[in-house]
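Asker: Numbering-wise, the numbering used here comes out as the position in the sequence shown, counting from 1, plus 12. Every residue gets a Cβ at the ideal spot worked out from N, C-alpha and C, and that includes glycine. Just so you know, these numbers come straight off a predicted model, no measurement behind them.
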Amino acid sequence: MRIKDLISKFENYMSAVTFAEAGEFYTAQQILRKKPDIVVIISGTQEDEYSLKYALNLSKRVNGLLRVLWKKEVSTNHIKKLKDGDVNYEILQYDSFSEQKIRNLLEKADLIITADEKILGRLSNGYVVFVQPNKNLIGG
Numbered sequence: 013m014r015i016k017d018l019i020s021k022f023e024n025y026m027s028a029v030t031f032a033e034a035g036e037f038y039t040a041q042q043i044l045r046k047k048p049d050i051v052v053i054i055s056g057t058q059e060d061e062y063s064l065k066y067a068l069n070l071s072k073r074v075n076g077l078l079r080v081l082w083k084k085e086v087s088t089n090h091i092k093k094l095k096d097g098d099v100n101y102e103i104l105q106y107d108s109f110s111e112q113k114i115r116n117l118l119e120k121a122d123l124i125i126t127a128d129e130k131i132l133g134r135l136s137n138g139y140v141v142f143v144q145p146n147k148n149l150i151g152g
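1. What does the alpha-carbon distance come out to for the pair I53 and I15?
2. Near W82, what residues of its chain come up, given a Cβ to Cβ distance below 6 Å and the 5 sequence neighbours on each side ignored?
3. Under 8 Å by Cβ, that's how I've got I50 and L70 pegged, so tell me the actual separation to the nearest angstrom.
4. In the DSSP assignment, find the unbroken beta strand (DSSP E) run with Y101 in it and report its ends.
5. Who are I53's beta bridge partners in DSSP?
6. For R45, count the other beta carbons within 10 Å of its own beta carbon; 16 or more makes it buried, fewer makes it exposed. Which is it?
7. Just to confirm, are I125 and V143 a CB contact at a threshold of 8 Å?
8. Under 8 Å, with one C-beta from each stretch per pair, do the region 16 to 36 and the region 59 to 73 reach the 3-pair mark?
9. According to the neighbour-count rule (16 or more other Cβ atoms, all chains shown, within 10 Å of its Cβ), is M13 buried or exposed?
10. With H, G and I counted as helix, E and B as strand and the rest as coil, what does DSSP make of V141?
Structure below.
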């Protein structure tokens with residue numbers, strides 16, 4: 013764990029203690045409750061729509077932060093789904109990122125979602141969900 017992360021956690025704990033001492037128990041609980049950091053990697057495959065849909069639904073259920081890593085331009089259809097999804101999201105275009113910056117983002121993530129088999133092989137640590145359409149069901 014980096015010093016910066018440790019200091020940030022300590023500050024959060026001290027803020028929560030202050031609110032609890034003042035009788036604001038709900039606020040203290042909200043400060044301590046960490047939102048899951050969910051990363052979905054969109055790399056331009058046909059199955060990306062399934063992984064985005066899965067990530068949106070999951071983020072909504074667990075009230076998490078959804079980070080969408082896009083390889084190229086974001087389609088307007090996908091942006092509309094994000095806006096209509098009623099989740100807290102961030103769009104990041106990873107083509108311009110250094111390898112270290114991508115690694116740092118993925119290390120901080122609580123869950124990584126992808127539909128690209130090539131990327132799946134390069135992900136070594138953390139929890140990874142590989143999303144594919146069910147070709148035996150009508151509609152995917």
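Answerer: So, to answer that:
1. Here the question's residue 53 lines up with position 41 in the sequence shown. Here the question's residue 15 lines up with position 3 in the sequence shown. One C-alpha to the other measures close to 28 Å.
2. Position 70 of the sequence shown, counting from 1, holds the residue named residue 82. Cβ neighbours of W82 beyond the five flanking positions: I54, Q105.
3. As a working mapping, residue 50 is identified with position 38 in the sequence shown. As a working mapping, residue 70 is identified with position 58 in the sequence shown. With a Cβ gap of about 6 Å, I50 and L70 count as contacting.
4. Locating residue 101 in the sequence shown gives position 89, where the first residue counts as 1. Y101 -> beta strand (DSSP E) spans 100 to 105.
5. The residue given as residue 53 occupies position 41 in the sequence shown. BP columns for I53 point to L81, T126.
6. Within the sequence shown, residue 45 is the residue found at index 33, counting from 1. R45 is exposed by the Cβ-count criterion.
7. Mapped onto the sequence shown, residue 125 falls at position 113. Mapped onto the sequence shown, residue 143 falls at position 131. In contact: I125 and V143 (Cβ atoms closer than 8 Å).
8. no
9. One-based indexing of the sequence shown puts residue 13 at position 1. Any reading at M13 must be qualified, since the residue scores a pLDDT of 49, below 50, and its modelled position is unreliable; no value is offered.
10. Here residue 141 refers to the residue found at position 129 when the sequence shown is read from its first residue. In this structure, V141 counts as strand in the three-state DSSP scheme.
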